[in-house]
Every structure is written in structure tokens, then in C-alpha cells.
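Participant: Below you'll find the structure I mean.
There are 2 protein chains.
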Amino acid sequence: MPEGAPAQVADDGLSTRERRLRPALVVNTGEGKGKTTAAMGLALRAWHQGWSIGVFQFVKSGKWLSGEQVALEALGAEHRRTGAGGEVEWFATGAGRRWVRKPDAEPDQSTAAREAWAEVKDRLAAQRHTLYVLDEFTYPLTWGWIEVADVVATLRDRPGTQHVVVTGRGAPAELIGIATTVTHMTKMKHPFDTGQKGQAGIEW
Amino acid sequence: MPEGAPAQVADDGLSTRERRLRPALVVNTGEGKGKTTAAMGLALRAWHQGWSIGVFQFVKSGKWLSGEQVALEALGAEHRRTGAGGEVEWFATGAGRRWVRKPDAEPDQSTAAREAWAEVKDRLAAQRHTLYVLDEFTYPLTWGWIEVADVVATLRDRPGTQHVVVTGRGAPAELIGIATTVTHMTKMKHPFDTGQKGQAGIEW
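First to last, the sequence lines map onto chains A and B.
Convert by adding 26 to the 1-based position in the first sequence; the result is the number in the working numbering.
Convert by adding 26 to the 1-based position in the second sequence; the result is the number in the working numbering.
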């Protein structure tokens, strides 16, 4: 669809070019499907731009690697092999997963989430990536493991051009307040409601 | 999140395994962002499962290749090179794009959309792919270029295990009626509303 034309021009003192290049803070929230997959689809666009991508999964663990992790890491390998696209770094918590600060330990979920956030903060300060995917990041906020005020200040004041995507149900109002794009994935039909279980290729 | 447990068990005469493997018909609709990107994120999961993926873009054209096309076609090339993941076939209409039936012609949009749908029907009948992404497919339905009744009958009666994802605003009620999963991407904030224009890596 031709969706590129602005309905109005903002009175924000920015040039069109500045506004156009304003770093995005995208929040995908709501109880419906598509929050994580939409973030991963954005990562495909970022990869094509040659951007460095950091993906931080704050909650998911499970027995299997997710399809999005394997596929995006394959694109990261393609970048290293041929120079196409951008680099991809993936940080996942949970059993059997590589974790950045304590590769041999199995920290509990709340510790892992706090360490992941500390890592994100370090990387934002260093302008390490152009796109950050903070997958299921709303849950450690809701559970009180990570301070919302710290997250809001850090993301609001992040330097340079660094785009951030946050996914998860129940995004805090303060986070929505500083976001550039917020989509509520509203469930109209969900297969689990009729007794269907998750299936490979669809849910992971 | 642990979202895999069904809230109830359906009284549909199917075994758990049959229900679990029931082919998905996913509809991503609504005016918010994330409809296409969520479909592309699902394609990453499908790729990891080794599924054959067919992507049909019914409307988008523009000057640039989309990031999702380049990235998913890179994954398709990786499959051909190493055997990893699944195959990816991409069909896009519009200027400068490969089109399947008339590679040298530049058909008008409505003709191209009808030919794309004819191609999808042929492939569904032949069980050619395991995942079909029908991107922005709601628009030719809304515009009357393709009959909704034909689409509903074709998708409802498709043979075998073929998953289908449809994206676009204003999905017809009859399509929602036969879908297994429907998400309404509800716009809470959209950058275009404040005069921001689309930017590479975020909008394409």
C-alpha cells in the first residue's frame, strides 16, 4: 500500500531528513500473535540495510532453538561469509543457551534478565548495533525484575541512530509514551482457544 | 511465555496430534504496523522446519526490493547451497519485478493480482509449498479484482498440510470466518501520524 505520505507535518523543528531518520522505538504489545514475528521481520529489513543487529531474548527458553534464531543466525553467517547484509548477534537466556556474561552458569531467570538488560545498556552506550530487538522484554518489567524508569531513561536518551524494538504483552504506559511506533496485536482468533497446541513452524 | 497449554480441549473429533498439525490459516489485518513483518517472521520459522515457502506479494511494488525479499531469498540460496532450511520462491508484481507467467510484460495491477491468485490456486492444488505468504492479499479482494467466495472455497478446501498467511487491512469477514488465527494489528502510535516518513530498514 502507498503508506509513505505523512498526513500532517510535525511542528518539531526537525528537517524532513532529520525526522525521516529519527531513530525508531517500536513496541509490539497485546495478547495476539505476531509480536515477536513482526520484530523478526523488521530484523530482515535491517539485515538488508547492512545494519548490525543485536537480538536479546528475555524470557523464551524451551527445548528447541526458535526458527527465527536459526534463520537470522544463518543470515549473520552469510554476512561473515560474503559481506552481504548485516551482522547478527543473538543473546538468549535459558537452559542450554549461550549467555554472554556467564557462559558456564545457569542463572535464574530474573538474574539472566537483569544481566541481559545490563548488556543492552552497555551496547547502547557504545552504539554497538543499529537495531536492537528486545524480545519479551515487557515481562521482566511487569515482574519487577528490571526498573521501568531505568529503561525509559536509557532508551529515551540513547545516543546516535539506534533503532529498538520491544515485544511482549502489557507494555508499560511510560514505555509507550516514549515510543515512535506502537502496535497492539489484538487477538481476534487464536488456535489455542479451540484446544489446538503450538506447532513447529508456526509457534516457534 | 509459556503459551502452549490449551485453555480447553475442543470437541471436534480430532486427536491431539491431528489438531496440533491442523493446517494454519493466519490472517494479519488492521491498520497498525506489523502485518507483513509478522508474516515474514513466520516464514523464518517455516524455513527452519525445512518447509517449502512461496511468497506472493499482491500489491507492493516501489523502486526498491524489500529487505524481507532480499533476506528470505538469501535463505533460499543458502538452502540450495548447503541444504539447510527450506526453499523459498518469491513472486512479486510491479515494475521491474519477476513475474511468473509473463516475465516480459508489465501487466496492470489488477491483471497481475488475478494471475498471482491463479498461480496460488494451481500451487495449492499441486501441494507445491508448505507455507504460502499472501502478502497484501486483502486489497485485491476489497477492490473486487478477485472474488472473495473463490478465495474462501479454495483455502477452506485446500488439500494436505499447507499453511497460509494472509496480510492486509480490512480482511473480509468470510475469510476471518475460516481462519485458524486472526490478529488485528491495532495502531496505538504510528510515526506517519507525526509527519515522519517511511525509512529504510523500518518500512521496507
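We treat Cβ as the ideally placed atom computed from N, Cα and C, and that holds for glycine.
Owing to the predicted nature of the structure, the values given are computational and were not obtained by experimental measurement.
Using the Cα positions of A/PRO166 and A/ASP176, report the straight-line distance between them to the nearest angstrom.
Facilitator: Within the first sequence, the letter at position 140 stands for residue 166 of chain A. Within the first sequence, the letter at position 150 stands for residue 176 of chain A. Whole-angstrom Cα-Cα distance: 13 Å.
Participant: How would you label A/ASP161, buried or exposed, when you count the other beta carbons within 10 angstroms and need 16 or more for buried?
Facilitator: The residue labelled residue 161 of chain A in the question sits at position 135 within the first sequence. It is buried - the Cβ of A/ASP161 has at least 16 other Cβ atoms within 10 Å.
Participant: Going by C-alpha distance, which of B/THR207, B/GLU229, B/VAL81 is nearest B/GLY52?
Facilitator: The residue you call residue 52 of chain B lines up with position 26 of the second sequence. The question names Gly, yet the displayed sequence has Val at residue 52 of chain B. The shortest C-alpha separation from B/VAL52 is found at B/THR207.
Participant: What does A/LEU167 touch in chain B if you count any residue whose Cβ is under 7 Å from its own?
Facilitator: For the purposes of this step, residue 167 of chain A is taken as the residue at position 141 of the first sequence. In chain order: nothing, as chain B lies at least about 14 Å away.
Participant: Cβ of A/GLN135 less than 8 Å from any chain B Cβ?
Facilitator: For the purposes of this step, residue 135 of chain A is taken as residue 109 along the first sequence, with counting starting at 1. So no, A/GLN135 is outside the interface.
Participant: When you compare the CB positions of A/LEU201 and A/VAL192, do they come within less than 8 Å of one another, or not?
Facilitator: Locating residue 201 of chain A in the first sequence gives position 175, where the first residue counts as 1. Locating residue 192 of chain A in the first sequence gives position 166, where the first residue counts as 1. Yes; because the gap between Cβ atoms is below 8 Å, this pair is in contact.
Participant: Pair every Cβ in the stretch 102-115 of chain B with every Cβ in the stretch 133-140 of chain B, then say whether three or more of these pairs are closer than 8 Å.
Facilitator: Short answer: they don't touch.
Participant: Should B/ALA152 go down as buried or exposed, given a rule of 16 or more other Cβ atoms within 10 Å for buried?
Facilitator: Here residue 152 of chain B refers to the residue found at position 126 of the second sequence. Exposed, since its Cβ has fewer than 16 Cβ neighbours within 10 Å.
Participant: Is it right to say A/THR233 is buried, meaning 16 or more other beta carbons lie within 10 angstroms of its own, or is it exposed?
Facilitator: Shown here, chain A extends from 27 to 230; a query on residue 233 of chain A therefore has no answer.
Participant: Output the boundary residues of the beta strand (DSSP E) element that contains A/GLY80.
Facilitator: By 1-based counting over the first sequence, the position of residue 80 of chain A is 54. Taken as a continuous stretch (DSSP letters only), the beta strand (DSSP E) holding A/GLY80 covers 79-83.
Participant: Tell me the rounded alpha-carbon separation between B/LYS128 and B/ARG107.
Facilitator: Residue 128 of chain B sits at position 102 when you count from the first residue of the second sequence. Residue 107 of chain B sits at position 81 when you count from the first residue of the second sequence. Bear in mind that the predicted position of B/LYS128 carries a pLDDT of just 48, short of 50, making it too unreliable to give a figure here.
Participant: Counting only C-beta atoms, is A/TRP143 closer than 8 Å to chain B at any point?
Facilitator: As a first step, residue 143 of chain A must be located in the first sequence, where it is residue number 117. Answer no: the Cβ-Cβ gap between A/TRP143 and chain B never drops below 8 Å.
Participant: Could you check what DSSP says for A/GLU94 in three-state terms: helix, strand or coil?
Facilitator: Your numbering for residue 94 of chain A matches position 68 in the first sequence. In this structure, A/GLU94 counts as helix in the three-state DSSP scheme.
Participant: Once you ignore the five residues that flank A/VAL81 on each side, which residues in its own chain have a CB closer than 6 Å to its CB?
Facilitator: Stepping through the first sequence from its first residue, residue 81 of chain A is reached at position 55. So the list reads TRP116, VAL159, once near-sequence residues are dropped.
Participant: Which residues of chain B have a Cβ atom closer than 7 Å to the Cβ of A/TRP14, listed in chain order?
Facilitator: Only positions 27 to 230 of chain A appear in the structure, and residue 14 of chain A is not among them; the question remains open.
Participant: Along the chain, which unbroken stretches of the beta strand (DSSP E) at least 3 residues long are found entirely within the stretch 140-171 of chain B?
Facilitator: As far as the stretch 140-171 of chain B is concerned, its whole beta strand (DSSP E) runs of at least 3 residues are 157-161.
Participant: Thinking C-alpha only, which one of A/HIS74, A/GLN95, A/ARG184 is nearest B/ALA97?
Facilitator: To locate residue 97 of chain B, count along the second sequence from 1; it is residue 71. That would be A/HIS74, whose Cα lies nearest to the Cα of B/ALA97.
Participant: Of the residues A/THR164, A/ASP134, A/THR180, which one's Cα is nearest the Cα of A/GLU145?
Facilitator: Here residue 145 of chain A refers to the residue found at position 119 of the first sequence. When only C-alpha atoms are compared, the closest one is A/THR180.
Participant: Kindly indicate which residue of A/GLY221, A/ASP183, A/THR164 has the alpha-carbon position closest to the one of A/ALA199.
Facilitator: The residue labelled residue 199 of chain A in the question sits at position 173 within the first sequence. Closest option to A/ALA199, Cα to Cα, is A/THR164.
Participant: With burial defined as no fewer than 16 other Cβ atoms inside 10 Å of the residue's Cβ, what is the status of B/LYS215: buried or exposed?
Facilitator: Within the second sequence, numbered from 1, the residue matching residue 215 of chain B stands at position 189. Buried.
Participant: Please give the ranges of any alpha helix (DSSP H) in the stretch 182-215 of chain B, keeping only runs that are unbroken, at least 4 residues long and fully inside the region.
Facilitator: Listed in chain order, they are 199-204.
Participant: Measuring straight from C-alpha to C-alpha, what distance separates B/LEU157 and B/GLY76?
Facilitator: Here residue 157 of chain B refers to the residue found at position 131 of the second sequence. Here residue 76 of chain B refers to the residue found at position 50 of the second sequence. About 10 Å.
Participant: Which residues bound the alpha helix (DSSP H) around B/ALA72?
Facilitator: What you label residue 72 of chain B is simply residue 46 of the second sequence in a count that begins at 1. Note, B/ALA72: alpha helix (DSSP H), 61-74.
Participant: Counting C-beta neighbours from all protein chains within 10 Å, is the total for B/ARG182 16 or more, i.e. buried, or is it exposed?
Facilitator: Indexing the second sequence from 1 puts residue 182 of chain B at position 156. B/ARG182 should be labelled exposed.
Participant: Could you check what DSSP says for A/ALA50 in three-state terms: helix, strand or coil?
Facilitator: The sequence position of residue 50 of chain A within the first sequence is 24, counting from 1. In this structure, A/ALA50 counts as coil in the three-state DSSP scheme.
Participant: Looking at B/GLY227 and B/GLY93, is the spacing between their C-beta atoms short of 8 Å?
Facilitator: Counting from 1 along the second sequence, the entry for residue 93 of chain B is found at position 67. Counting from 1 along the second sequence, the entry for residue 227 of chain B is found at position 201. Closer than 8 Å, so yes.
Participant: Do A/THR209 and B/THR187 have their C-beta atoms within less than 8 Å of each other?
Facilitator: Taking the first residue of the first sequence as position 1, residue 209 of chain A is located at position 183. Taking the first residue of the second sequence as position 1, residue 187 of chain B is located at position 161. No, they are not a contact pair.
Participant: Quick test of your reading: A/HIS155 and A/ILE204, contact by CB under 8 Å. State the CB separation rounded to the nearest angstrom.
Facilitator: In the first sequence, residue 155 of chain A corresponds to position 129, counting from 1. In the first sequence, residue 204 of chain A corresponds to position 178, counting from 1. Not confirmed; about 19 Å, so no contact.
Participant: Taking 8 Å as the CB-CB limit, is A/THR212 close to chain B?
Facilitator: Counted from its first residue, the first sequence places residue 212 of chain A at position 186. Cβ-Cβ to chain B under 8 Å: yes for A/THR212.
Participant: Suppose contacts are defined by Cβ-Cβ distances below 8 Å. Is B/GLY102 in contact with A/GLY67 by that definition?
Facilitator: Numbered from its first residue, the second sequence carries residue 102 of chain B at position 76. Numbered from its first residue, the first sequence carries residue 67 of chain A at position 41. Cβ atoms of B/GLY102 and A/GLY67: not closer than 8 Å.
Participant: Which residues, taken in chain order from the stretch 189-218 of chain B, show a beta carbon closer than 7 Å to some beta carbon of chain A?
Facilitator: Against chain A - using a Cβ distance shorter than 7 Å - the residues of the stretch 189-218 of chain B are HIS189, ILE202, ALA205, THR206, THR207, VAL208, THR209, HIS210, MET211, THR212, LYS213, MET214, LYS215, HIS216, PRO217, PHE218.
Participant: Would you say B/ALA121 reaches chain A, if we count a Cβ-Cβ gap shorter than 8 Å as a contact?
Facilitator: Start at 1 with the first residue of the second sequence, and residue 121 of chain B comes out as number 95. Unreliable placement is indicated for B/ALA121, whose pLDDT of 44 sits below 50; no coordinate value is reported for it.
Participant: Distance, Cα to Cα, B/GLN83 vs A/GLY194?
Facilitator: In the second sequence, residue 83 of chain B corresponds to position 57, counting from 1. In the first sequence, residue 194 of chain A corresponds to position 168, counting from 1. In a straight line, the C-alpha of B/GLN83 is about 28 Å away from that of A/GLY194.
Participant: Write down the C-beta distance between B/ALA118 and A/ALA64 rounded to the nearest angstrom, noting that I regard them as a contact closer than 8 Å.
Facilitator: To locate residue 118 of chain B, count along the second sequence from 1; it is residue 92. To locate residue 64 of chain A, count along the first sequence from 1; it is residue 38. Their Cβ separation, rounded to whole angstroms, is 20 Å, which puts B/ALA118 and A/ALA64 out of contact at 8 Å.
Participant: Pull up the distance between the alpha-carbon of A/GLY196 and that of B/LEU70, whole angstroms please.
Facilitator: The residue you call residue 196 of chain A lines up with position 170 of the first sequence. The residue you call residue 70 of chain B lines up with position 44 of the second sequence. The alpha-carbon atoms of A/GLY196 and B/LEU70 are separated by roughly 25 Å.
Participant: What is the residue span of the beta strand (DSSP E) that B/PHE218 lies within?
Facilitator: Position 192 of the second sequence holds residue 218 of chain B. Note, B/PHE218: premise wrong, no beta strand (DSSP E); not H, not E.
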